[in-house]
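To keep things clear, I will list the structure first and then write my remarks on it.
Residue numbers (mature numbering (1 follows the signal peptide of the UniProt record, and there is no 0)): -21 to -1, 1 to 158.
Written as structure tokens, this is what we have:
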């Protein structure tokens, strides 16, 4: 499945459809990206949805191909994990990230190399911050990744930005539909 996820990233690069507007910095050591969206919901509702990734994360960007297998334990040390169904009871699992900060209704911070970065020697920090705004909340999703990447970080950054921005837009859509 990692090869499949890596192929999605490479295909996005080749298609030239990757938005780069939110790549904050990139160098040989890694990159930093951020996206921001306004959600017409209260902080409690949005936080409650963030910690239920099975409801808003894209199945296309999961290891099992089904976002219903994703879960998050919203406490320090908790896991953003995924069940990998297997034949004859031979199920597996993936730890996408470990929660290092869970501040209800304000922010979630996770440590983990996401997607194809997990197969490399990379450390990543993903943070979702919820700030009250005049109408609903502003949610910022940032990701910082550093370490040895087999794909040049200058190519990887816009692909990761595209995938994470897609997830943030899905969060907004589900939240505003009453999720």
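Beta carbons: idealized from backbone N, C-alpha and C, even for Gly.
Cβ neighbours of residue 109 within its own chain (closer than 7 Å, five residues either side excluded): 22, 25, 26, 84, 85, 86, 116, 118. Around the beta carbon of residue 20, 16 or more other beta carbons sit within 10 angstroms, so the residue counts as buried. Around the beta carbon of residue 156, fewer than 16 other beta carbons sit within 10 angstroms, so the residue counts as exposed.
Taking the CA atoms as reference points, residue 140 sits about 21 Å from residue 31.
The stretch 5 to 19 makes no contact with the stretch 62 to 78, as fewer than three CB pairs between them are under 8 Å.
Residue nearest to residue 132 within the set 38, 114, 103 is 103 (criterion: CA-CA distance). Partner residues in the beta bridge of residue 17, as assigned by DSSP, are 117. Per DSSP, reduced to three states, the secondary structure at residue 128 is coil, with no helix or strand assignment. DSSP, read as helix, strand or coil, puts residue 48 in helix. In this structure the stretch 123 to 138 does not touch the stretch 37 to 54; the number of beta carbon pairs closer than 8 Å is below three. Apart from the 5 residues on each side of it in sequence, residue 121 sits with its Cβ closer than 6 Å to the Cβ of 13, 106 in its chain, given in chain order. In the DSSP assignment, no residue is bridged to residue 33. In the structure shown, residue 6 adopts extended strand secondary structure according to DSSP, grouped into three states. The C-alpha of residue 29 is placed about 12 Å away from the C-alpha of residue 148.
Here residue 4 is exposed. Its C-beta has fewer than 16 other C-beta atoms within 10 Å. Between residue 52 and residue 78 the beta-carbon gap is near 7 Å, inside 8 Å, which marks them as a contact. In the structure shown, residue 136 adopts helical secondary structure according to DSSP, grouped into three states.
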